[in-house]
Each structure stands twice: as C-alpha cells, then as structure tokens.
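To start, the structure under review is shown below, and the notes come after it.
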Amino acid sequence: MTLRTPAVVLLFILGAAAALVGDHGHIVTGTTEYLMPAHRVPFAWSSPIWFPVLVGGATVALAELRLHLPAVRTTVTLRQGLAGVAAVEGIYALTALTHGFAAGPATVAIVALTVITWCVLGDRFAVVCGIVAAVVGPALEALLVAVGLFRYAPGAHQVFGTPPWLPALYFAFGVVTALLGEIAASMTTRRAESTAPVT
Amino acid sequence: MTLRTPAVVLLFILGAAAALVGDHGHIVTGTTEYLMPAHRVPFAWSSPIWFPVLVGGATVALAELRLHLPAVRTTVTLRQGLAGVAAVEGIYALTALTHGFAAGPATVAIVALTVITWCVLGDRFAVVCGIVAAVVGPALEALLVAVGLFRYAPGAHQVFGTPPWLPALYFAFGVVTALLGEIAASMTTRRAESTAPVT
Amino acid sequence: MTLRTPAVVLLFILGAAAALVGDHGHIVTGTTEYLMPAHRVPFAWSSPIWFPVLVGGATVALAELRLHLPAVRTTVTLRQGLAGVAAVEGIYALTALTHGFAAGPATVAIVALTVITWCVLGDRFAVVCGIVAAVVGPALEALLVAVGLFRYAPGAHQVFGTPPWLPALYFAFGVVTALLGEIAASMTTRRAESTAPVT
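Chains as they are written, first to last, in my numbering: chain A, 1 to 199; chain B, 1001 to 1199; chain C, 2001 to 2199.
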C-alpha cells in the first residue's frame, strides 16, 4: 500500500460523502429507486449503507492504483483536486437533473463534461483509472439491478438496465480519483522532506 | 478610494447590466416575482430600478474591498475577467433554468460551478469577497422578502424565503468582482507607467 | 490550400460526425424538424445527407481560413483540440436540452459557455472565424427555413425563424475549428521537421 493511513481515511470519507450527495440527487429526481430487498439494511440519508462504503472503498482503490502506474505527477495541487471533486459532483448532479430528458443530448452533454474534465485535470495514466472505473462500476451496478436491489427509471439506450451516460460518470470519477491519489502522494512527500533531519 | 473614477463607472455599469440580464431570467421563469409595493418605482426591463443600482454599487464596493486586502495580483488579464463575468452570468442563468427542478441536485450543480469558478479565477483573498457577498446579499434579499417587495417561488430547503443556492451565486459574484478589481488596478498601474516621464 | 490532404479528410469527417450527433439532439427534442421537401434525399441518422456534408465542408473552410490569418499558434495541443470539440458538442447538446425552456436565460447560458470557450481556447484571430461562422451559418439556416426544408419549433426572440442562441453556437464552432486548423498545421510542421534529412 502506497497511500498513507491518513490519506486512506480522508479519501474514503470524501468518496463516501460525495456518493451520498450524488445518490440523493438520483433518488429525489426518480433517476434511481432502491427496491424492497435494499431496505433490509440501514440507510444513510437516501442510500443503503453499503453504497457509500463501496464508493469510498473504490475511491481509495483507484487512488492507490494510480500510484502503481508510471509518471505520477508531483506538481498537482489541492486546488486542482477541489476543482476535480466539484466537476464530478456537478456531472453527477447533471445526470439527475437531465432525468426525463431525451437520452441522446443528455448523454452527449455528460460525455462532453467528462472529456473536458480529463483534458483539464488528467494525464494519460488517469485514463487507465477512468477505464477501470467505467467498466467495473457499471458492471457492478448492472449486477445489483439484475438481483433486484435497485433500478433505474426506464429510458432509451439502456444497457443491462443502466443508462448510457453511466460509464462517462464513472470515467470522470476515475480520472479525478487518480488525481487525488497523486495529490495525496505529493503532499506526503513534501511533509516527509520538511521533517527529514538535515544530512 | 483606490479604484479610479473610470473603473468605478465601468464596474457600476457592468454590475447593473449583469443584474438586469440575470434578474430577467428569474422573472420569466417565475423563479422570483416582484410584489405590488415594488411596482411603485420605475422598472428597468424586468427589475425595479433599485435592483441594478444595488448590484452595481455592490460590484464597486467588492472590487474596492479586494484592493484593501493583501497580495493584489497584477498578472490577471481582461480575458480572465471576461471569462469570470460569463461564469457568473451562466450560473445566474442556471439558477433560473433549474427553477422547478429538485432543489438538491440543482444546488449541487450550482455550487459545483461556483467552486470551479473560484478554483480557476480566484485567490485566497477572493474568498473574503465571496463570503462577504454570500452573507450580505442573501441577508438583504431575505429582508426584502420579509417586507414584501418580492418573493421566490416556494421550494425545498429555503432559508428565510430564499433558495439554498443563493449564497453560492453571490459567492461566485464576489470572487469574480474581486478579480475585476485586480484587473482595474493593474490596468491603471500599467497606464500610469506607460505615460510616466522617463527619469 | 494550406491544410494537407489527411488533415482535410480528418476535419471533414470530424465536422460531419459532430454535426450528425448534434442534429440528432435537435431532432429528438423537437428543437428542429425536417419538412417534407428535405425527405427527398437520403438521410444519415436524423439528418438529410447534405447537412453533415455542409458542416464538414465548413469545418475545413474555417480551419483553412485561420491559417491565412496572422499569428498562427504553434503551441496548441491535441488535448486542447479535444476539449474544444467536447465544448462545442456540449453547447450543441445544451441548445437541444433547453428546448422548451425560457429563451432568455437559455440564451444567456449558451452565450456564457461560448464566451468561456473562446477565453480558454481562442486567440484574437479565432474571433474572425467565429464571426464568419456566426454570420454565414445562421444566414444559411434562415434561407433553408425560408424555402421550407426545415423549421425550428416556435420560440421567443427568433430571427428569420432561427433561435436567438444560434449565432453563439456557430461562434463556438468557428473558434474551435480555427484551433483545429492550428493544431493540424503545427502537427504537419513537426512531422516535416522530424523526417527532414540532417543538414
């Protein structure tokens, strides 16, 4: 494990909190609905407790993954990380706000924002984290839909019961989480340097 | 007063014009409604005349405030200022367009755009101007609502009759106005230098 | 002709494909409707075949135009080009998604995004390409509306049957196409240099 414990805790909490905020938007707009079996576990706000836990864990895993890929950037800033978190939460909110709109242009708008997020904040290895997130996330959601834990409202162009914009949202999540991993690593390095004994 | 007279006039006109455009969006979408007592004064487009006057004055005051805070940036450009004004007007328009949408994700989207605006264009002292605007603006609006001059359409999560995204809109306004103050100051300096006698 | 043949082909295909995606959004939302005479020619997806051909040709022409204007930038990157294409497609999708919304704030939001696109990606000569596109494009559309090939759904503030945001969408298209021309030129130059014999 490359991430230090405080970074793991912070990334887990950040991912879980962002998941709760985003999922609330999906629930109140009717974009998604948790079905009966999901209600057998406690809920946090609008989500069954395992949802923020899964997203928090995925945040830590993707940030860690980035640090095992080449060319980890050391000049990334907290400000970029904040912008990245805002971008993902904004895209997440947009997927809720466009519920009930034509799936085609809504998906184009969401993909466009995801592409811009990568162009501004990502490097080529963030693409790896983005693709991992865009494959594993929707696959897991399709599984949860298949076993009847929740469902998306019916819509055009769905794949295994999931909406066409879902991989784009996960891709943006993966790109920004890779950035957060780099920020955590470079802050740890800087702190280590500033407390190292003079040799 | 640090701002020169031409800058004061331009900032006042810019703020007043931006206010008229933004307020028009709120009126035509039914986000806000001016009540009977407000109609005792002349209207400019969709707004009673005091509304653009107040926003124009606030624009001057916040730009001036920034110049009394430390570390005034001298490398900010007119292009950044233009992007900032577009960002605030775009966020303002979004608050009108999302009228009638679920308050939760609409507020998340608006806050996300405000955070990104600060990340791209603001410095730490712009946060001061943002917070001043985000406190005074909504407080004054709550007062005007309380005395019956206007009202927001009913919605979720309102505070003293004002919507939950209002502080974010004012924060973005404060951040960009701080930037405009810096641009005005640095252009004045450059002009003074270019017309100074060679010593 | 300054653009090399591969660049011409790529720009034509990119413009045509982007046009098909954007036009599909307009059709499925009812923003536009092709009328009977338009159906006398084959359709590609939601568009009569001449629509992507015209936009592909305009993409080539505007990129070429940029290279005949001064101060062609050589440091622009593929990443900026990708962000630009995403920005135009995102704005295009937004014009479809805001169909049925109040024309005032929808137009403000679209204009704001166009201004930000220029601020981030354009130079002063991109403005020339933007203005050419913003004049010729809507004029041609007004002609096609006048002869009965297609129509926009009725809306406020229309000019010769075209919506108020149309020049902004074309302006963004012109700005980004100018950037794509610069990218194509600088990639050609770099390739020529890397394959030149050592002298």
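The beta carbon of each residue, even a glycine, is placed where N, CA and C say it ideally should be.
Going by the beta-carbon positions, is the gap between residue i and residue j smaller than 9 angstroms?
i	j	result
L121 (chain A)	I110 (chain A)	no
A16 (chain A)	V76 (chain A)	no
E1033 (chain B)	R1151 (chain B)	yes
G1155 (chain B)	A2102 (chain C)	no
M1001 (chain B)	V1008 (chain B)	yes
Could you check the C-alpha separation between residue i and residue j for me, to the nearest Å?
i	j	result
F106 (chain A)	T2177 (chain C)	As written in the sequence, residue 106 (chain A) is Ala, which differs from the Phe given in the question. Rounded to the nearest angstrom, the two C-alpha atoms are 23 angstroms apart.
T117 (chain A)	A2087 (chain C)	11 angstroms
S186 (chain A)	F2051 (chain C)	50 angstroms
P2048 (chain C)	A2038 (chain C)	7 angstroms
P1006 (chain B)	A2126 (chain C)	30 angstroms
C119 (chain A)	M1036 (chain B)	50 angstroms
V2108 (chain C)	L2179 (chain C)	24 angstroms
P2164 (chain C)	F2043 (chain C)	27 angstroms
V2145 (chain C)	Y2092 (chain C)	19 angstroms
L1014 (chain B)	P1070 (chain B)	25 angstroms
H1157 (chain B)	A196 (chain A)	49 angstroms
D1023 (chain B)	T188 (chain A)	47 angstroms
Q2080 (chain C)	H2068 (chain C)	21 angstroms
A2139 (chain C)	G1181 (chain B)	39 angstroms
Please name the residue, chosen from the options, that lies closest to residue i on a Cα-to-Cα basis.
i	options	result
L2166 (chain C)	C:L2149, C:R2190, C:G2137 and C:S2186	C:G2137
V159 (chain A)	A:T188, A:L143 and A:V8	A:L143
I2183 (chain C)	C:L2082, C:T2195, C:I2091 and C:F2171	C:L2082
R2073 (chain C)	C:R2124, C:L2020 and C:T2117	C:R2124
L1078 (chain B)	C:Q2080, C:G2130, C:S2194 and C:V2115	C:V2115
R40 (chain A)	A:R4, A:G174, A:A156 and A:G148	A:G148
L1097 (chain B)	B:T1195, B:W1045, B:L1179 and B:G1030	B:G1030
L11 (chain A)	A:V55, A:F43 and A:H157	A:V55
G1084 (chain B)	B:M1187, B:S1186 and B:F1173	B:F1173
I1131 (chain B)	B:E1141, B:Y1170, B:P1154 and B:T1188	B:Y1170
R2004 (chain C)	C:V2060, C:G2025 and C:H2024	C:V2060
V2175 (chain C)	C:A2146, C:H2024 and C:L2113	C:L2113
L62 (chain A)	A:E141, A:A134 and A:A146	A:A134
W2045 (chain C)	A:G104, A:A58 and A:G57	A:G104
G1057 (chain B)	B:Q1080, B:A1019, B:A1139 and B:H1068	B:A1019
Looking at the structure shown, is residue i part of a helix, part of a strand, or coil, going by DSSP?
i	result
V145 (chain A)	helix
T1002 (chain B)	coil
V41 (chain A)	coil
V2159 (chain C)	strand
R73 (chain A)	coil
P48 (chain A)	strand
F1125 (chain B)	helix
T2098 (chain C)	coil
T1188 (chain B)	helix
T32 (chain A)	strand
My understanding is that residue i touches residue j, with C-beta atoms under 8 angstroms, so please give their C-beta distance in whole angstroms.
i	j	result
V2028 (chain C)	E2089 (chain C)	With a Cβ gap of about 15 angstroms, V2028 (chain C) and E2089 (chain C) do not count as contacting.
C2129 (chain C)	R2066 (chain C)	5 angstroms
E1141 (chain B)	T1162 (chain B)	5 angstroms
T1168 (chain B)	H1099 (chain B)	It is worth fixing the name first, because residue 1168 (chain B) is Ala in this sequence and not Thr. Rounded, the Cβ-Cβ distance is 15 angstroms, inconsistent with contact.
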